[in-house]
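Top to bottom, those sequences are chains A and B. Here the first sequence stands for residues 1 to 237, where the numbers follow this note's numbering. Here the second sequence stands for residues 238 to 807, where the numbers follow this note's numbering.
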Amino acid sequence: MNTLYWVMLVIGLVLLVAINLALIAMVMRFRSARGREPRRLVVRRPAQVGTAGVFALIVAFAFVFGVIETHNAKKVEASGPDGLQATSSLLAQRSLDLPATAPSSAPLKIKACGQQWIWRYEYPDGTYSYYELVVPVDTTVILNLCSTDVVHRWWVPGLSGKFDATPGESNSTWFKADETGTFDGASYAFSGASYAAMRTSVRVVDVPTYQAWLDQQAAGIQAAQTFVQQANGETGG
Amino acid sequence: MSNGRTLAPHRPELVTEGPTPSRPRWFEMVMSPDHKDVGRIYIGAALSFLVLGIITFLLIRLQLAVPENDLIEPVTFNRLLSVGSATLIVLFALPIAFGLYTYVIPLQIGARSLAFPRLASLSLWLYVFGGALLFASFAYTPAEAGFNSWPPLSDTIFIENNGVDVWIAAVGLTVLGLVLQSINLAVTISKLRAPGLAWRRLPAFTFSGAVSSWTMIFAGSAMLAALVMLEMERHFGGVFFDAGEGGAPIYYQHLSWIFFTGCYLVFLLPAIGAISEILPVFSGKPVLSRNALMTSIAAIMPLGLLAWMQNMMSASIPIGWLYGAMLMALLLAIPIGAIFVNWIGTIAGGVIRMRAPMVFALAAVSTLSFGLIGELIQTVIPVNWLLADTTASTAASGYVLVGGPVLGGLAALYYWFPKMTGRTMSEGLAKPSAALIVLGAQLTFIPLFLAGLEGQQVDIFKFFEASDAINAESLNAFNLIATIGAFVLALGVVLSIVNAYLGIKGGTRAGHDPWGGETLEWFATSPPPPHNFDVVPDVRSHEPLRDIREAVRRRETSRPAPAETKEPVA
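Given below as structure tokens:
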């Protein structure tokens, strides 16, 4: 993806410099001078076809390269050896009904739902988190995007491209982080008053840390639910 | 003559003055269906809305000058954003184009009026009323659903107040007016051309007017449909875009992007037409290749309109459609590239007079090159995934807005101002104005492009202190410089608007053909009478004024030697 960006940037810069230098050169060279008559240039058909051909070549190159890169970007890679493996995946994905023949490099599927003005991430075992997405390193993560209210757009620079989370539409993207660390991102579709605050963060950790975090998160959710039930019971009683 | 003989005037125009108006001039102008009055009010209103749009833009830039600024409340910011975007696109950029077309096209094709003069008045007042309505909403509650009011955000469940309704009415009335005027212009160009003025001989500006009109007929109709559906959904129980009820928000996205893509083309086409008139006149030689130029102008409409999904690369759309949109958008590079080559070839070998219209035209060419190449880079899907919806895409669109409707529109205004008023604008104010606009555009949009590369979102009411990947340290500097640049740009624009005002009041008197133009409008007096021409000449080429001058010169050289030396008359 980045290679194509640099290729297009170089093509663009060459065209930009050529057009503007030619403009400046022509204006400097042909400023009105006493006694000089304009010289009419004759453009023959081969020159016209040649000029169009140069632009057509740029277009053809950009289109073919663009299709190849898009195809590559859409093709989901397998998880790497340091990533979450099927066995540990099964442990981690408590409620996921994985087939017995699941490949060891099965991707991790996470639901990312936008709502005004926060991202909610739901993991295969039903655990969820807000704002921060925690994923294991070297593991292919498929994000299934959804929205509960208005149109949102998920993007974390360095991990993936931008993709819409639209109510009633299914959309997805994927990424695989090769190194541990934190990647910050945001929503990129205008969504109302606090749109600027609709940010997100992806924390990439090693597999044991990921599983420990999942357990801790599940326990925290369970404790919170118990507390709410008790509070409701007390209120109701 | 010493012998009392009266020779025919050397000037080829044959015109008479119109009837003396019985009512005040302003009242006559407001009520007039004359295309020249309608065109002038269109242009005046568009420039007024440009000033209002610039004020909202400056307020937005002030809020974004420093990180986490609290100068403007988030809701107020969103209202400025919603109204300001509609102002710059729908109330300025489109009407300045159609105002210029309305004034110039009948003169360029040798027509005495538009095909439907009253329709032109209706379109003008729909626009003016729509614009007034949008700004009147500041008296109660303006729209706050963003620049294109996408549902579901614009549905009543998320925004209960009537701001969106006003936005729908204002944009709807204006677009309806523009669509009606597009039909008017398309019919005028098709049916009212002077004898001999075949399509292949049309001036580039008029030809771009035909293409722009058809573009607006298609694109504007799509927006009108979207607005009607949105209003029905908000208040009359319609279900079009509500996913929960069986609709789909993406339908509105398609319709609104067809419209905004059409708007983008109408940013470009009039500027291309005007620049293609100005460069030959001020270089003293014709366009390098007229066939290539006209073919390219014609090709822009179908390719551009079919590329609307280029704005929806992140949406849930089958990849085949996105490849199609990418291809159409990329193919635009061929006609647009050919036009740039044509322009450079036109001034090459010429004798360039750096008068105000030429300075603005050259500034427009340069600024457009930045914007269009910025767009070309983002056309490819994977690059679009990186740059779309960041300030990098705003920068590219901003360059096109400044290069097209602002610099291109002002180039056209400086060029045709003597025809409209009989006076010229000051060259002394024009050149600093062009320089400030170009400098301001670069100061604004280069930092915004770089901020976009850092990941800064569009339309946010504040950006955050440098702390992580999307808020790099450099964002602070980029945003501050962009704000300073916006003020420089605004100063340049205001200078030209002041220049126009001073020109109307007391500009130097211009002749009927001050620039040595080659097209029919210069055959009429400046300003032209209500019926434009007493006599419409037969057109024999795409340069009818050159033909007339040649004919006059031939007549004079073939005339017998001056009579007083040989035999006295009478």
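C-beta: ideal position from N, C-alpha, C; glycine also. Everything numeric in this text was worked out from a predicted model, so none of it was measured.
Could you check where the alpha helix (DSSP H) with Trp-653 of chain B kicks off and where it finishes?
Where Trp-653 of chain B is concerned, the enclosing alpha helix (DSSP H) stretches over 646 to 658.
Is DSSP giving Gly-586 of chain B helix, strand or coil here?
coil
In chain B, which residues lie less than 9 Å from Thr-180 of chain A when you measure between Cβ atoms?
The contacting residues do not exist; Thr-180 of chain A stays about 15 Å from chain B at best.
Applying the criterion that 16 or more other CB atoms from any shown protein chain within 10 Å of the CB defines a buried residue, is Trp-545 of chain B buried or exposed?
buried
Whose C-alpha, out of B:Leu-650, B:Ala-688, B:Pro-261, B:Arg-777, is nearest the C-alpha of Leu-337 of chain B?
B:Leu-650
Is it the case that the region 687 to 700 of chain B contacts the region 730 to 749 of chain B, given that we only count it when at least three CB pairs across the two stretches are under 8 Å?
no
Which residues mark the beginning and the end of the alpha helix (DSSP H) in which Phe-63 of chain A is found?
45 to 74
Would you call Arg-277 of chain B buried or exposed, if buried means 16 or more other Cβ atoms sit within 10 Å of its Cβ?
buried
Just mark Pro-655 of chain B as buried or exposed, buried being the case when its beta carbon has 16 or more other beta carbons within 10 Å.
It counts as buried.
Round the Cβ separation of Ala-715 of chain B and Leu-687 of chain B to the nearest angstrom and send it over; I've been treating them as touching at under 8 Å.
Looking at the sequence itself, residue 715 of chain B is Phe, so the reference to Ala does not match. Confirmed, Cβ separation roughly 5 Å.
Taking the CB atoms as reference points, tell me whether Leu-624 of chain B and Tyr-5 of chain A lie closer together than 9 Å.
For the pair Leu-624 of chain B and Tyr-5 of chain A, the CB atoms are nearer than the 9 Å cut-off.
I'd like the span of the beta strand (DSSP E) that includes Asp-184 of chain A, first residue to last.
181 to 187
For Phe-190 of chain A, does the three-state DSSP call read helix, strand or coil?
coil
Taking only the alpha-carbon atoms, compute the straight-line gap between Ser-445 of chain B and Trp-759 of chain B and give it to the nearest angstrom.
Between Ser-445 of chain B and Trp-759 of chain B, the C-alpha separation is close to 19 Å.
Between Thr-378 of chain B and chain A, is there a C-beta pair that is closer than 9 Å?
no
Is the Cβ of Ser-795 of chain B closer than 9 Å to any Cβ of chain A?
For Ser-795 of chain B, the answer is no, since every Cβ of chain A falls outside 9 Å of its Cβ.
If you pair each beta-carbon of the region 164 to 180 of chain A with each one of the region 491 to 503 of chain B, do three or more pairs fall below 8 Å?
no
By the criterion of Cβ-Cβ separation under 7 Å, what are the contact partners of Met-563 of chain B in chain A?
Listed along chain A are Phe-63, Gly-66, each with a C-beta nearer than 7 Å to that of Met-563 of chain B.
Within its chain, find whatever has a CB closer than 6 Å to the CB of Ser-194 of chain A; leave out the 5 residues flanking it on each side and keep chain order.
Trp-117
By DSSP's criteria, Asp-164 of chain A is part of a beta bridge. Which residues make up the other side?
A:Arg-153
Is the Cβ of Gln-115 of chain A closer than 9 Å to any Cβ of chain B?
The Cβ of Gln-115 of chain A sits no closer than 9 Å to any Cβ of chain B.
Under 9 Å between C-beta atoms, does Ile-618 of chain B make it to chain A?
yes
Helix, strand or coil, according to DSSP, for Gln-229 of chain A in the structure here?
helix
Return the residue from the list B:Leu-359, B:Glu-470, B:Leu-370 that minimises the CA-CA distance to Phe-395 of chain B.
Nearest of B:Leu-359, B:Glu-470, B:Leu-370 to Phe-395 of chain B, Cα basis: B:Glu-470.
Residues in the same chain with beta-carbon distance under 6 Å from Leu-284 of chain B, minus the five sequence neighbours each way, listed in chain order, please.
Ile-734
Please classify Val-639 of chain B: does DSSP put it in a helix, a strand, or coil?
helix
Counting only beta-carbon separations shorter than 9 Å, does Val-588 of chain B have a partner in chain A?
Using beta-carbon distances, Val-588 of chain B counts as an interface residue toward chain A, with a partner under 9 Å.
If you drop the 5 nearest sequence neighbours on each side, which residues of the same chain put their C-beta closer than 7 Å to that of Asp-784 of chain B?
Arg-777, Ser-778
With Leu-145 of chain A as the anchor, note down where its beta strand (DSSP E) starts and where it stops.
140 to 147
According to DSSP, is Thr-200 of chain A helix, strand or coil?
strand
Hey, is Leu-506 of chain B close to the ligand NAD, as in C-beta under 8 Å from one of its heavy atoms?
Ligands displayed in this structure: none; no statement on the ligand NAD is therefore possible.
Excluding the five sequence neighbours on either side, which residues of its own chain have a C-beta within less than 8 Å of the C-beta of Gly-754 of chain B, listed in chain order?
Glu-514, Val-518, Leu-782
Give the C-beta separation of Val-320 of chain B and Thr-293 of chain B to the nearest angstrom, bearing in mind that I take them to be a contact with Cβ-Cβ under 8 Å.
6 Å
Our contact map puts Gly-66 of chain A next to Ile-614 of chain B with C-beta atoms below 8 Å; I'd like the distance itself, whole angstroms only.
Not confirmed; about 11 Å, so no contact.
Does the distance from the C-beta atom of Ala-456 of chain B to that of Val-503 of chain B stay below 9 Å?
Yes, these two residues count as a Cβ contact at 9 Å.
Answer with yes or no whether the minimum CB distance from Lys-668 of chain B to chain A is below 9 Å.
no
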